[in-house]
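Take a look at the structure below.
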Amino acid sequence: MISVAEAEATIRDHVPLLGDEAVPLADAAGRVLRESITSDRPFPPFDRVAMDGIAINSKDYENGTRRFPVASIQAAGAPPHALTTPSQCVEVMTGAVLPDGTDCVIPVEKIKLTNDVAELTDKETPAPFDNVHRKGSDRDVGSELLCAGARLLGPQIAVAATVGATTVRVSCQPRVAIISTGSELVPVTATPAPHQIRQSNVHAIETALHLAGHTRTTRHHIADDAAAIRDLISECLSASDIIILSGGVSAGRYDFVPDVVTELGVSIHFHHVRQRPGKPLLFGSIAGQTSVFGLPGNPVSALVCLHRYILPALATAQGCPIPSAKERATAILDEDLTFKKPLTCFKPVRLIAGADGCRAVPVPMNGSGDLAGLAQSDGMLELPEKQTTFTKGSPYPIWRW
Ligand code: AMP
Ligand code: MG
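For the sequence shown, position 355 matches number 377 in my numbering, and the numbering has no gaps at all.
As structure tokens, this is what we get:
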């Protein structure tokens with residue numbers, strides 16, 4: 023049986039890079055960039071007034087001037103005024119071009135303006151380029167501002183908009199088929215018989231995918247019937263980049279998924295990982311086409327595997343670099359824990375801000391079927407397999423739901 027790190031590396035090696043497409047900037051939220059974005063002008067494109075106030079020539083101050091008649095008003099969006107008369111000033115607004123003939127800005131709070139004459143307080147000692155955001159001081163024209171692989175969140179969209187990128191080239195959205203298996207499961211809309219339960223995994227998986235920006239999902243359900251499972255997976259194989267199955271991957275008589283996917287030509291890269299919960303995880307693929315994940319049906323196991331393996335795999339498939347093991351976010355374990363077996367353990371935790379960082383408080387769980395317990399957690403702490411005792415106060419990787 024392979025380790026968590028080996029499972030992760032195997033998935034990364036087999037999930038192909040998705041294609042790319044051009045989309046309007048307004049539709050690019052959360053997408054992964056597949057081109058580099060460069061500055062078409064310097065950042066900022068002109069000497070930009072950074073405070074409301076007056077612009078003066080600092081030499082006039084050096085020569086002893088303290089009272090500056092206002093020659094004109096420079097608004098944001100207006101072409102630059104010119105100060106031609108010595109010892110005068112231009113009233114300026116944040117975002118305006120620094121007027122020609124001036125070299126610094128004195129904030130409005132630092133002057134007294136009476137009858138269009140600005141008087142400096144004694145404390146002010148203006149120097150060249152005070153309160154001026156200098157042209158090109160952030161980036162030169164032609165600089166790479168965003169590189170391929172960047173996820174387009176607010177700041178990145180702002181940069182793309184500033185350089186006039188009306189469309190951006192991004193990764194295609196993966197087409198994901200989510201299939202739950204199990205004859206005991208009925209739709210949310212049905213009233214279950216005493217021996218049945220409502221399906222929750224497809225909804226939980228779809229929600230996590232949507233929250234991660236993967237919205238091209240379809241939901242399916244199938245009973246524990248080998249022929250029916252074969253037909254559905256066969257249909258989904260040709261229409262999906264990723265198939266996520268839940269249930270039917272363990273060792274029970276009616277766990278048909280491993281055999282069926284093999285029959286359909288999927289190469290199984292691994293089945294079972296040294297972890298708890300989620301040990302029966304299966305991963306296979308049809309090379310260059312479709313990746314198939316078989317998650318154990320237990321709701322906690324299914325979500326653990328989704329967050330630990332599938333969401334990072336989807337980021338990789340979109341060309342988005344994911345943090346290495348050393349760079350991962352951590353949280354501080356808030357209890358001593360001991361396990362019997364050396365398996366990587368994923369522990370649902372509540373996250374609480376602490377003086378020395380984010381504290382991870384294990385939530386009481388009644389096994390890997392305890393959905394209600396899981397709903398009290400914010401994520402899971404990854405406790406490595408090399409240890410069986412874990413002490414309060416140590417940091418471990420955290421995966422948030
Ligand atoms: P399995 O992996 O198919 O053996 O299922 C393990 C357990 O998870 C069983 O108790 C199932 O009833 C439960 N389970 C499987 N699929 C789902 C699902 N979609 N929603 C909720 N529970 C499920
Ligand atoms: Mg089942």
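The beta-carbon is built from N, C-alpha and C at its ideal position, and this holds for glycine as well.
Nearest CA to the CA of residue i: which residue from the options?
i, options, result
"V424", "L254, H293 and D392", "The structure shown does not extend to residue 424, since the chain is modelled only from 23 through 423, so no value can be given for it."
"S268", "I255, S260 and A261", "I255"
"N79", "G99, P102 and T106", "T106"
"H225", "T213, R241 and I219", "R241"
"S202", "R238, A250 and V185", "A250"
"T189", "S346, L167, G395 and A48", "A48"
"S10", "V139, G186, L207 and D281", "Residue 10 falls outside the range modelled here, since the chain spans only 23 to 423, and no answer is possible."
"L336", "V322, N153, R296 and G41", "G41"
"A27", "A394, H329, A375 and R296", "R296"
"S260", "R275, V288 and A273", "V288"
"G319", "Q311, N153, L333 and L303", "L303"
"I264", "H103, Q311, S165 and P384", "Q311"
"I354", "A234, A347, C194 and R372", "R372"
"A72", "G395, P343 and F151", "F151"
"E1", "V127, F68 and P417", "Here the chain covers residues 23 to 423 and nothing more, so residue 1 does not appear."
"L117", "F65, F412, L207 and A140", "In the sequence as displayed, the identity of residue 117 is Gly instead of Leu. The residue with the shortest Cα to Cα distance from G117 is F65."
"V119", "N137, Q96 and V139", "Q96"
"T413", "P419, E357, D392 and G379", "E357"
"V154", "Y83, P216 and P67", "P67"
"L39", "P129, S313, D125 and A149", "S313"
"I308", "H36, A31, R88 and A29", "H36"
"G235", "R88, D281, Q340 and P177", "Q340"
"K362", "C342, L328 and Q409", "Q409"
"Q195", "T338, E30 and P177", "T338"
"R70", "D160, E206, S205 and P46", "D160"
"P419", "A382, P386 and S390", "A382"
"V326", "V282, V112 and D400", "D400"
"G316", "V282, N85 and P209", "V282"
"F90", "R63, A50, N137 and P46", "N137"
"L46", "G75, A182 and D74", "As written in the sequence, residue 46 is Pro, which differs from the Leu given in the question. The option with the nearest alpha carbon to P46 is A182."
"K231", "A375, A172 and A324", "A quick correction: the sequence has Leu, not Lys, at residue 231. The candidate whose alpha carbon is nearest that of L231 is A324."
"G99", "P345, V92 and M115", "M115"
"L135", "A93, A215, I244 and E43", "A93"
"D279", "I244, P345 and R298", "Correcting the residue identity first, residue 279 is Val in this sequence and not Asp. The candidate whose alpha carbon is nearest that of V279 is I244."
Between residue i and the ligand MG, is there a pair consisting of the residue's CB and a ligand heavy atom that are separated by less than 7 Å?
i, result
"D246", "yes"
"G300", "no"
"G391", "no"
"G319", "yes"
"G316", "no"
Could you give the C-beta distance for residue i and residue j, rounded to a whole number, given that I count them as a contact under 8 Å?
i, j, result
"I24", "Y331", "Their Cβ separation, rounded to whole angstroms, is 12 Å, which puts I24 and Y331 out of contact at 8 Å."
"E407", "W421", "Actually they are not in contact, since the Cβ atoms of E407 and W421 sit about 16 Å apart, beyond 8 Å."
"I266", "V198", "6 Å"
"G306", "I290", "4 Å"
"I128", "E141", "Not quite, the Cβ-Cβ distance comes to about 11 Å (not below 8 Å), so this is no contact."
"L167", "I59", "5 Å"
"A77", "V112", "5 Å"
"R220", "V208", "6 Å"
"P102", "D125", "Contact doesn't hold; Cβ gap of about 13 Å is too wide."
"V54", "R238", "About 14 Å; that fails the 8 Å criterion."
"G425", "D247", "A query on residue 425 cannot be resolved here, the shown segment of the chain reaching from 23 to 423 and no further."
For the ligand AMP, any of its heavy atoms closer than 7 Å to the Cβ of residue i?
i, result
"S222", "yes"
"G52", "no"
"G171", "no"
"S272", "yes"
"I219", "yes"
"T211", "no"
"L207", "yes"
"T203", "yes"
"S268", "yes"
Return yes when at least one heavy atom of the ligand ZN lies under 7 Å from the C-beta of residue i, else no.
i, result
"D277", "Questions concerning the ligand ZN fall outside what the structure shown contains, since the ligands it does hold are the ligand AMP and the ligand MG."
Complete runs of the beta strand (DSSP E) confined to the stretch 246–320 [at least 3 residues] = Taking only runs of at least 3 residues, the beta strand (DSSP E) segments lying wholly in the stretch 246–320 are 264–268, 289–293, 304–308 and 312–317.
Quick check on the DSSP output: what are the complete beta strand (DSSP E) runs of length 3 or more inside the stretch 34–85, in order along the chain? Considered as a whole, the stretch 34–85 harbours 42–46 and 75–78 as its complete beta strand (DSSP E) runs of no fewer than 3 residues, in chain order.
**Asked** Could you give the uninterrupted runs of the beta strand (DSSP E) lying entirely in the stretch 332–368, keeping only those of 3 residues or more?
**Response** Fully enclosed beta strand (DSSP E) runs of 3 or longer: 352–355.
> Along the chain, which unbroken stretches of the alpha helix (DSSP H) at least 4 residues long are found entirely within the stretch 137–207?
Replying inline: Along the stretch 137–207, the alpha helix (DSSP H) occurs as fully enclosed runs of 4 or more residues at 176–184, listed in sequence order.
Problem set entry | Every unbroken beta strand (DSSP E) inside the stretch 382–422 [3 residues or more] | Within the stretch 382–422, the complete beta strand (DSSP E) runs of at least 3 residues are 401–405 and 417–422.
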